[in-house]
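Each residue of the sequence shown is one higher than the one before, starting from 18 at the first, in the working numbering.
Working notes, structure below.
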Amino acid sequence: MTTLTAIQCLPRSSMRARLPLACLSLLAVAMMAGPGSAAAQAPDRIRLGVIVGASGPFNVPAAEQKRGVEIAIDHLGGKLGGIPVDVVSGDSRGNPGATVQEISRLIEKDRVDIITGLTASNEIVAAIKPISDARVFFFGMNGGPASIAGEGCSPWYFNVSFQNAQITNGIGAFMSQRGVKKLYVIGMDYEAGHEHTEAARKGFVGELVGQTYTPLTQLDFAADIARIRASGADAVFAFYPGGPGITFVRQWAQAGMTGKVALYSNIALSEPTVFQAQGKAALGTIVTGNYSAEIDNPRNRRFVQDFRAKFGRDPASFAGLAYDTLMLIDAAVREARGNIRDAAVFRAATERVSFDSIRGPFRFNTNHQPIQNNYVFEVDQRADASLYLKRVGVAAQSAPDEFASKCSMK
């Protein structure tokens with residue numbers, strides 16, 4: 018008869034079937050042994066599932082997320098909390114259905130201990146149920162839908178990036194301070210597109226002269242730009258991450274709108290992943306965000322230096338937040354003394370953990386969303402003509418999201 022170890026008999030999120038009788042006996046012995054038994058010990062290795070939209074409409078930011086993970090794993094010496102880590106990749110393809118399939122594969126077939134990543138908000142919404150049902154911890158690297166920050170919050174989901182509205186909140190007041198009187202908002206027609214454009218309107222005291230939502234796959238914005246021109250707007254807030262953002266900014270400049278109608282957004286529209294493709298058309302664009310390479314602290318200086326050495330440019334926020342996510346997981350595993358398979362222990366450790374974030378002050382709110390700074394940047398160029406995000410203000414300081422009061426965290 019095969020001899021089973023306590024580790025093999027540990028309850029895993031991916032195991033639906035009853036435990037073998039031999040396991041029941043072994044676990045009974047472990048329970049009688051009390052704290053410090055095999056069931057409470059750290060695993061020999063951690064299997065980390067990293068799922069991003071490597072193919073599909075969000076492939077550009079997804080590739081940047083993978084670069085951030087690569088630098089983090091290197092800085093951590095291939096370990097999380099001192100425990101060797103095996104990275105298992107998944108491709109969400111920017112598609113909710115594919116997200117659920119890949120999450121299931123990571124849990125059921127690859128038997129990962131922790132999952133991190135995802136690139137788009139519609140993916141996160143789709144992932145929450147299978148992750149919560151399987152009782153596997155998920156650490157979000159990008160985006161935070163309102164529905165998951167509020168009533169749909171989950172004790173198995175920690176958002177290490179931002180609640181969607183959070184990195185846009187404050188831009189409305191900033192635009193008003195800059196003298197904007199008439200605003201047009203436009204964005205991609207999915208959760209994040211709606212949430213960011215709605216957030217841009219808050220604090221804006223002028224007139225909203227138009228609002229448009231476009232399909233995720235749309236790459237021709239000529240008709241939309243013509244509508245903006247005809248609206249009489251003196252500023253536009255546009256939410257287009259990745260490839261669509263490259264196209265929008267270039268078509269905006271080609272239409273002669275640069276300098277005539279101010280272009281505002283958040284870091285999804287214009288940052289280092291797309292600077293080369295956007296070129297000087299991006300100059301002067303004002304964006305909000307919680308990270309840039311210009312943030313000055315020791316950990317960010319090291320990250321930026323090594324990222325530049327490896328990839329020849331500044332890291333974008335997608336890389337920075339992916340790097341930070343791995344660093345937070347590392348700190349949480351250490352805080353839990355490696356006991357990641359005791360859900361209560363690991364959850365409590367993550368909720369209270371402190372780590373040196375490359376973006377500045379960071380802590381979790383009661384709904385597992387971040388409390389952090391939100392900055393204002395302008396796309397500018399250095400003496401060598403390379404583009405960068407120049408910090409021009411602070412939109413919000415140590416700010417929580419607005420949905421925590423709706424989260425009961427059951």
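Just so you know, even glycine gets a beta-carbon here, dropped at the ideal spot from N, CA and C.
If you're wondering where the values come from, they're calculated on a predicted model, not measured in any experiment.
Just to confirm, are residue i and residue j a CB contact at a threshold of 8 Å?
i: Tyr392; j: Gly306; result: yes
i: Val202; j: Ala217; result: yes
i: Ala470; j: Ala163; result: Nothing can be reported for residue 470: it is not among the residues displayed for the chain, which extend from 18 to 427.
i: Gln398; j: Asn176; result: no
i: Leu286; j: Val266; result: yes
i: Asn283; j: Gly377; result: no
i: Ala80; j: Thr116; result: no
i: Gly66; j: Val105; result: yes
i: Ile375; j: Tyr308; result: yes
i: Leu406; j: Phe420; result: no
i: Ile188; j: Ala412; result: yes
i: Asp206; j: Pro172; result: no
i: Phe320; j: Ile90; result: no
i: Thr275; j: Ala298; result: yes
i: Cys170; j: Met426; result: yes
Compare the C-alpha of residue i against each of the options and name the closest.
i: Phe379; options: Lys219, Ala279 and Asp341; result: Asp341
i: Ala326; options: Ile346, Ile312, Arg84 and Lys199; result: Arg84
i: Asn186; options: Arg128, Ile388, Phe324 and Gly377; result: Ile388
i: Ile242; options: Tyr207, Ala270, Ala298 and Asp61; result: Ala270
i: Glu368; options: Ile375, Gly134 and Asn384; result: Asn384
i: Asn112; options: Ala299, Val362, Phe328 and Phe75; result: Phe75
i: Ile132; options: Asp91, Gly259, Gly167 and Val86; result: Val86
i: Pro147; options: Tyr174, Leu343 and Ala402; result: Tyr174
i: Phe221; options: Ser193, Asp130 and Ser371; result: Ser193
i: Ala166; options: Phe381, Leu93, Thr214 and Glu215; result: Phe381
i: Lys198; options: Pro289, Val278 and Arg408; result: Val278
i: Val77; options: His92, Pro332 and Arg246; result: Pro332
i: Val142; options: Asn159, Ala240 and Ala416; result: Asn159
i: Ile124; options: Arg64, Asp401, Ile346 and Val362; result: Arg64
i: Leu280; options: Gln295, Val304, Ser415 and Phe292; result: Val304
i: His92; options: Asn317, Leu404 and Pro417; result: Asn317
i: Gly134; options: Gly157, Ser178 and Phe179; result: Gly157
i: Phe363; options: Phe372, Ile346 and Asp373; result: Ile346
i: Phe256; options: Arg246, His211, Ala239 and Val396; result: His211
What is the DSSP secondary structure of residue i, reduced to helix, strand or coil?
i: Ile284; result: coil
i: Pro52; result: Here Pro52 scores only 38 on pLDDT, less than 50, and its place in the model should not be relied on; the value that follows carries that caveat. Correct three-state label for Pro52: coil.
i: Ile238; result: Per the sequence presented here, residue 238 reads as Phe, with Ile not at that position. Coil at Phe238, not helix or strand.
i: Arg448; result: An answer regarding residue 448 cannot be provided, because it is not within the stretch 18 to 427 covered by the chain.
i: Pro315; result: helix
i: Phe175; result: strand
i: Met205; result: strand
i: Leu97; result: strand
i: Lys407; result: strand
i: Leu338; result: helix
i: Ile375; result: coil
i: Thr275; result: coil
i: Gly259; result: helix
i: Ile88; result: helix
i: Phe221; result: coil
i: Glu395; result: strand
i: Ala348; result: helix
i: Ala294; result: helix
i: Pro78; result: helix
i: Leu343; result: helix
i: Asn390; result: strand
i: Thr231; result: strand
i: Ser121; result: helix
i: Gly114; result: helix
i: Gln180; result: coil
i: Arg364; result: helix
i: Arg244; result: helix
Using 10 angstroms around the beta-carbon of residue i, count the other beta-carbons present and answer buried if the total reaches 16, otherwise exposed.
i: Arg110; result: buried
i: Gln322; result: exposed
i: Arg62; result: exposed
i: Gly107; result: buried
i: Glu208; result: buried
i: Ser334; result: buried
i: Val409; result: exposed
i: Phe254; result: buried
i: Ser422; result: exposed
i: Arg358; result: buried
i: Thr234; result: exposed
i: Gly94; result: exposed
i: Glu168; result: exposed
i: Asp401; result: exposed
i: Ala366; result: buried
Spell out whether any CB of chain C is found under 8 Å from the CB atom of residue i.
i: Gly157; result: Included in the structure is just one protein chain, with no chain C present.
Is the stretch 116–128 touching the stretch 143–162 in the sense that three or more CB pairs, one from each, lie closer than 8 Å?
Verdict: yes, contact present.
Does the contact criterion of 3 or more C-beta pairs under 8 Å hold for the stretch 243–255 versus the stretch 219–234?
With the cut-off at 8 Å, the stretch 243–255 and the stretch 219–234 touch.
Would you call the stretch 349–357 in contact with the stretch 88–104, where contact means no fewer than 3 C-beta pairs closer than 8 Å?
Short answer: they touch.
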